[in-house]
Amino acid sequence: MKLFLQVIEARGLVALDLNRLSDPYVRLKLGKQRAKTKVVKKSSKPWWEEEFFFQVEDLGEELTVSVMYEDKCFNGDFIGQVKLPLSMVLDAENHSLGTAWYQLQSKSKKAKNRECGEIRLAMSLSQKNSCDGTPPWSSWVDLTSNSDKSSELKREIPSVESSSKMDSYAVSEDEEVNLDIEEKLRGQSLRERMSKIFSRKNVSISTSSSKDSDITEINQEKPLNLEPDETLLPDNFSESLKFLKSKEQGSEVPENLPGGVLLDKHYAISPAVLNSLIFSPDSKLLQSLADVQGTTDLCMEPWKFENGGESLKRVLTYIKAATKLVKAVKATESQTYLKVDDRNYAVLASVSTPDVPFGSSFRCEVLYCIMPGPQLPSEEQSSHLVISWRINFLQSTMMKGMIENGAKQGLKENFVQFAEVLSLNAKTLDLKDAGSRKEQILSSMETEPESEWKLVCRIFGNFTIISFILAVLCVTVHILLANRSSIQGLEFIGLDLPDSIEEVMVCGVLFLQGEHALKRIGHFLQARRLRGNDHGVRAEGDGWLLTIALIEGINFAAADSSGYSDPYVVFTCNGKRKTSSIKFQTLDPQWNEIFEFDAMNDPPSTMDIKVFDFDGPFNEAVALGNAEVNFVKNNLSELEDVWIALEGTLAQACQSKLHLRIFLSNTRGDRVVSDYLTKMEKEVGRKINLRSPQTNSAFQKLFGLPPEEFLINDFTCHLKRKMPLQGRLFLSPRITGFYTNLFGHKTKFFFLWEDIEDIQVIPPSLKSMGSPSLLIILRCGRCLDSRHWAKSVDPDGKLKFHFQSFVSFNVANRLIMALWKARSLSPEQKMKIAEEESEDNNLQSEESGSFFTIEDAKMSEVFSSVVPVPMKSLLEMFGGGCLEQKLMEKVGCVDYSFTPWESVRLNVHQRQIHYKFDKNISRYGGEVTSTQQRSHLHDKNECMIEEVMTLQGVLLGDYFTLHLRYQIGDLQSKSKACLVQVLLGIAWSKNTKHQKRIMKNVISNSSLRLKEMFRLFTKEFSMEK
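My numbering puts the first residue of the sequence shown at 2, with every later residue one more than the last.
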């Protein structure tokens, strides 16, 4: 939906110049979109007659029309403004307000009744998606009286974010077009009117021949045919692109959508070939992608021209595969070319899914931009593909945040698969000179520093200061010209008191003006000291370089009585600060400043951003908002051009945002990993082995981490909650994460080392299976998305995570404490740790070949037999009674203990078991911690028990995990017998050359042990019987 606006003229404007003539212009704002008219020189009754249109995203927004006077020394002098809600336009007849005069209002409440003047506007709402069409106000304006006034409008391809001016129109609509529709709509609700009016795709327009002739005579133009003759347009895809290219007006490639970047890659093919690969009707890419994603019923309509050949569009329909949260739904995707030339292509895809919850209130938009890539050594062409997204809300909803988060997660997963499928058809380029792109982007932002004179004019160039200076001059001249008065009243020599009420009032006014002037001088001195101190200062050193480009801010809260603020931004990262310059008297500041932090040895995890309002050197700054950039959870390509929403009471109320470009890189290349491990070895006092690239890649993919994050070590342990959850704890320079996939249920979370407030070692107890455990306490309000997996939450809101049953507790505890303290403590405290922990033992090699899941264990049968015991009686062997404990102790399980069976879901129960090996079973002794899960099969008279066993204190026991599956079923031929089958599998968590030997030994011993177990149980059962 688009809002059409015509700014015609103004009258009665307040003049600020002595000759009562100024240079007025109009500034327009709708949401994030802005525009302004030309400046009319020396006029109190300006005439603009300029036309604009805006993309409407939210019908709850309002259009702000501000009339300003141009001032070359300052930002411009405010005259007055008028705010027009879009709902008022929507409720009007024909969805238009016609041509009308609007009274301008002042921003100040004190001057609310002051006459500011009037402005003449024409407004309407339209569902048309093209700039071509009939201006809705063409029948409102008196063309005969205004025929001598015209303005040239530049025409551009509309971008997805910003508004652009409309081209001159060729035909006008008739006022009687929608009479029948309006008669039917009277008395209906707003929602019904929207659904019935704006959902219509085609409205037949009939005009009388007499009116057509009149309009033709006035405009001296031939009306356009609104229904283009498609037979005259090319139907071949390549020919269609050439035809569309011939109509190209030289517009620029659209900017990335505000939702973020989903894909940013370079390919070793030309932009034209990449465009055909993705969007050509003959390409098999979409079908291959549908097969990978499970999408069905894919139907692609042919590319067709619309709006007289001005746009090329096609429609795709398909059924998205079901997920855990959303069932399979039908989607309709509309793809439209926004730009086509020899080197650049831009396609906007709008996806509608009305069957999902709240699906009728939004559409998901994805922008594909294909641009030329860097020059290859072979002089072949390359291309740069950038895919960004946003959610276009058709109506307001309270679930906006939930919808955006869900869409972001789904789009990221989809385009990861898209990139994989595309890489099979086009070679991906690995650009080592990524810094050149950063330099190219930043070089375009270089601006000249503000001069001293301009800064003085901006601060002191207001009515109060100028009037104070004139008053001081007037008083000085008066003192020189006036005769000294005689002493009277309570006066004495050296004390001259006012002689009248008028003199008292004049003294008071001068005092107040002097106080204000003193504040402005303080503002100037402080602003001069803060201005540009950090902007443009190059970073020093070798390591991790953080570069921030502060572009602009929008919708800042007003902190001054004048209705404006003096904002500046403070960036903090790894204890270092950078401060921007102060922008005076604005709510939408423009900075264009670049900040570089000196090289850091450790990769940064987060960066804090705080925005303050400057109120002089003697007053405390008012916080306008704050934000945090997480380098671990965000891909670096997404941060290269991002809008960050500020938090805080004032910022959230005004929906304040900052536009940043953030670049993080390291100058040491591949040495950064080895250098970091070497530094950690000195702090820990032990050798740390470098992990393989395959292991690091699997670790990054598991937790969704950026490519610069690498794995240091991982340990098998249990996460203690209501029931212990067996998994693995992963350690890296910036995070610690936990992952498990137990019986097909995945648990995964991580938190930053900086989020940890304290780590406590809990002594061994019976509940912890006889081993020490770690209690990790997070800072208040951190990692709330992992709240479900915390052991407890204290009254202050701090999450507590309990980890126990480490295979090598001392090794794990030492490394965890060192990594945490190395990230959160000062250098002096780190030296103290190194002195206290001076043992010189090497960490055991734990090079992981794969991450453990039960699917990795290849099952093989180790026991199968018909047991002459009913199934119900045989299950007592796993029932947790005295019989089970007696039986297990006989087969060599010492100190056998277990927890009661607890229900985890329907017909599924789970428990924990712990025991020690008798020396007859293992000469090394050792302990076993296992998790058993029992389930019944309703369609068959069978029961299945799965068991995951972890060995501790056994040679190479931490290299593998055992998975047992007991399948027990009644025999129909024998009512008092059942068939027992036991399958065993080994999941390797580390590589070793002894795998075959260990596997043979485990299978042999397990088979003998199982035979003995069921033999003893059969004997016990027969004796009891």
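Every residue, glycine too, gets a C-beta built ideally from N, C-alpha and C.
Inspect the beta-carbon positions of residue i and residue j and report whether they are closer than 7 Å.
| i | j | result |
| --- | --- | --- |
| S284 | L290 | no |
| L425 | S383 | no |
| C883 | Y916 | no |
| V585 | K579 | Note on residue identity: the sequence assigns Phe, not Val, to residue 585. No, Cβ-Cβ distance for F585 and K579 is not below 7 Å. |
| S353 | T324 | no |
| T813 | F716 | Reading off the sequence, residue 813 comes out as Ala, not Thr. Contact flag set, yes. |
| D24 | V40 | yes |
| S606 | L753 | yes |
| L31 | F55 | yes |
Give me the Cα-Cα distance between residue i and residue j, rounded to the nearest whole angstrom.
| i | j | result |
| --- | --- | --- |
| I736 | S335 | 41 Å |
| E421 | S582 | 44 Å |
| M399 | K328 | 22 Å |
| E51 | V8 | 5 Å |
| V630 | R783 | 14 Å |
| G626 | D342 | 43 Å |
| K401 | K428 | 38 Å |
| H746 | K1012 | 31 Å |
| N1006 | M889 | 15 Å |
| L491 | L498 | 8 Å |
| S247 | F238 | 14 Å |
| K611 | A624 | 7 Å |
| L1036 | F864 | Residue coverage of the chain in this structure runs from 2 to 1026, which leaves residue 1036 outside it and unanswerable. |
| M2 | S127 | 6 Å |
| K314 | I320 | 20 Å |
| A646 | H660 | 9 Å |
| Q1044 | L496 | Examination of residue 1044 is not possible in this model, given that the chain is present from 2 through 1026 alone. |
Return helix, strand or coil for residue i, following the three-state DSSP convention.
| i | result |
| --- | --- |
| R1016 | helix |
| Y346 | strand |
| C117 | coil |
| S793 | strand |
| T477 | helix |
| P1027 | Only positions 2 to 1026 of the chain appear in the structure, and residue 1027 is not among them; the question remains open. |
| G407 | helix |
| R815 | helix |
| P400 | The sequence shown places Met at residue 400, rather than the Pro named in the question. DSSP places M400 in coil when its eight states are reduced to three. |
| G554 | strand |
| T993 | coil |
| P373 | strand |
| P958 | Before going on, a small fix: residue 958 reads as Gly here, not Pro. Of the three classes helix, strand and coil, the one that applies to G958 here is helix, per DSSP. |
| A273 | helix |
| G360 | helix |
| T854 | Its pLDDT being 41, under 50, T854 is placed unreliably by the model, and the measurement read from it follows with that caveat. Coil, per DSSP. |
| Q656 | coil |
| A1043 | Absent from the model: residue 1043. The displayed extent of the chain is 2 to 1026, so no value can be given. |
| D589 | coil |
Return the residue from the list the options that minimises the CA-CA distance to residue i.
| i | options | result |
| --- | --- | --- |
| I777 | K1020, W821, C300 | W821 |
| G970 | C370, L876, Q288, V892 | L876 |
| L816 | C781, Q886, F864, L678 | L678 |
| K1001 | T587, G544, P568, S861 | S861 |
| I80 | S107, F864, L64, L423 | S107 |
| S1027 | L907, K721, K413, F752 | The question about residue 1027 has no answer here: the residues shown for the chain are numbered 2 through 1026. |
| A622 | Y70, M601, V570, P590 | V570 |
| E302 | T318, F961, V40, Y103 | T318 |
| F879 | C300, Q934, R906 | Q934 |
| W592 | R662, L637, D603 | R662 |
Taking buried to mean at least 16 other C-beta atoms within 10 Å of its own C-beta, is residue i buried or exposed?
| i | result |
| --- | --- |
| F464 | exposed |
| M124 | buried |
| P272 | buried |
| W545 | buried |
| A654 | exposed |
| A36 | buried |
| Q913 | buried |
Against chain B, with Cβ distances strictly below 7 Å, would residue i count as a contact?
| i | result |
| --- | --- |
| F79 | No chain B appears in this structure, which consists of one protein chain only. |
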